[in-house]
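Below is one structure; the comments refer to it alone.
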Amino acid sequence: MMLENFDFILLFVLCITTPPTTKGLQCMQCAGVSSPEDCLTKVTCPDQYQCFTDFYVTEQGFLYYDLGCRINQICQVLNGQHLRTQFLEKRQFENIHLCEECCTTDFCNRQGCPENSVTRVNNTLCFNCQDASSPEKCDTVDVCNYDEICIAALVLTELFQERYQLRCEKKHICDRSVGGQFYGQPSRIPPPALGRRQIQFPLTECQYCCDSSFCNNKACVKGTTPPSHFETTSQIIDNNIGTMNILYLAVFAVSGIFTVQTSCPVDWAEYKGECLYFGNSRQRWLDAENHCRKFHAYLVTDDNADKHNFISNVISVLHSLHQNTFWIGANDFAIEGSFRWLETGLPIGNFSAWGSGRPTRNDTNNCLRMFYNGDQYKWEDVSCNDRTTYFICEKPAENTASVTTEKVQIIGK
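Residue numbers for the sequence shown follow the working numbering, so the first one is 91 and each next one is one higher.
What follows is the structure in structure tokens.
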């Protein structure tokens, strides 16, 4: 958690626009590592998220890093805010955050925070998976030895399934296998020489080597430009096996790939198909609800533990900026003491996050808000006319659909 006595002008302005992205950043993700170079796990961030690095000291005096993804709204507050010396007074039971930074290029949080805080090593990092459906699905990396570079190979298994094998490989093996084609985009290699009576699986359909960190995350295809999707299984088999006598081999390609993507407006955070807006002004409950309606939204429905934790993680940063309470979309206007969600009209169900002594059963406390109880965020019922409370809006994310068609081909005897 950030220091609570941050003393600077409020910078969390949700109307600031950030460039939309069509594909999430690739970031390193670890918690409690002694150096960013020790982090060997990558994650694909959701749209409108950035890579982040937290550098902190524990109450025992140990220095650690956390790396991962963080939504743009928080990064607008944190980015570049290196904590000043006067804030670094050790307080019992709290981590002291020496630096918290966001960045906007793939794997940029491997550089650390600040950049000169650790000694750099120049070893190449490569994605390392032996059974990935595509390079983008590989989430682990490995540190190569001084004589190794990255390799990616598309293979065909004995069940005629395409799989990617990604790893570090000796440079001289890459040199021999790919004819010295290390740089630029992946290129096709000749098909392997196979006997007429026996096929040795897995079949290597294509592969490439490259010598920079995280470079083996591209598809391996014919030509010099990675396509948006693979060739069909039948086409690849036809290219590599040629005239071999395979009795009644029939392989069907997928006739089409239907994809649906969700998106949220700039300055809204996406959570499982919903868009969340964290208001930066204090309003009464009804005014906050009307504010949300202008966005074709409503006050947020906090009806499950995962969603509650997500919201809590966001507003825990705002707590450091003295934004401590947030209206949510429940009230007991209809029946005193029976709180219902504004969005659905349903009563609060199995999940609840009431604070101690709540609800109060006071007939003047008809609206629900989240508040910080010194340890975590809880619910409390208060007067709807309270003017010191911020708010959270919610609306469904927009869906966009696309279809990619493939040629169907059958190989007979």
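C-beta atoms are modelled at their ideal positions from N, C-alpha and C, and glycine is treated no differently. Quantities reported herein were computed from a predicted structural model and do not represent experimental measurements.
Notebook entry, point to check: Are F385 and Y480 closer than 9 Å when you measure CB to CB?
Noted result: In this structure, F385 sits away from Y480, with a CB-CB distance that is not shorter than 9 Å.
**Message:** Going by C-alpha to C-alpha distance, which of C117, L215, R448, Y361 sits closest to T194?
**Reply:** Of the candidates C117, L215, R448, Y361, the one whose C-alpha sits nearest the C-alpha of T194 is C117.
Item to check | Whole-angstrom distance between K308 and A443, CA atom to CA atom | outcome: Looking at the backbone, the Cα of A443 and that of K308 are separated by about 45 Å.
Can you tell me which of the three DSSP states L408 falls into? Note: L408 maps to helix in three-state DSSP.
Looking at D392: is its Cβ nearer than 9 Å to the Cβ of W469?
Less than 9 Å divides the Cβ of D392 from the Cβ of W469.
| field | beta strand (DSSP E) runs wholly inside the segment 365 to 425, at least 3 long, in chain order | value | The qualifying runs are 415 to 421.
Can you tell which of G363, F429, S428 has its C-alpha closest to the C-alpha of N489? That would be G363, whose Cα lies nearest to the Cα of N489.
Check: Who does C189 pair with in a DSSP beta bridge?
Finding: For C189, DSSP records a beta bridge to F145.
query = Can you pull the DSSP bridge partners for A243?
reply = Its beta-bridge partners are Q255, Q297.
Practice item. For E248, count neighbouring C-beta atoms within 10 Å of its own C-beta (all shown protein chains included) and say buried if the count is 16 or more, exposed if not. Key: Per the 10 Å Cβ criterion, exposed.
Exercise for the section: With a threshold of 16 other CB atoms inside 10 Å of the CB of H172, please say whether the residue is buried or exposed. Expected result: In this prediction, H172 has a pLDDT of 40, which is less than 50 and means its spatial position is unreliable; what the coordinates show is noted afterwards. Label assigned to H172: exposed.
Practice item. Using only alpha-carbon positions, find the residue among T230, D196, Y139 that is nearest to Q357. Key: With the sequence shown as reference, residue 357 is identified as Asp, and Gln is not the correct amino acid for it. Among T230, D196, Y139, the Cα nearest to that of D357 belongs to Y139.
With a threshold of 16 other CB atoms inside 10 Å of the CB of Y467, please say whether the residue is buried or exposed. Of the residues assessed, Y467 falls on the buried side of the cut-off, its CB having 16 or more other CB atoms within 10 angstroms.
| Pick from F423, S402, D128 that is closest to T230, judged by C-alpha positions | Nearest option by C-alpha distance: D128.
DSSP on E513, reduced to helix/strand/coil? In the structure as shown, the chain begins at 91 and stops at 503. Residue 513 is therefore absent and cannot be evaluated.
Subject >> Start and end residues, beta strand (DSSP E) containing Q116 >> reply: For Q116, the uninterrupted beta strand (DSSP E) segment begins and ends at 116 to 118.
- Task: Under 6 Å Cβ to Cβ from Y361, same chain only, skipping five residues before and after it: list those, please.
- Result: Excluding sequence positions up to five before and after Y361, its CB lies within less than 6 Å of the CB of F400, all in the same chain and listed in chain order.
Would you say Q255 and C296 are within 9 Å of each other, going by their C-beta atoms? Not a contact, by the Cβ cut-off of 9 Å.
- Query: Helix or strand or just coil, what does DSSP make of V564?
  - Reply: Outside the modelled stretch of the chain, which goes from 91 to 503, sits residue 564, for which no answer is possible.
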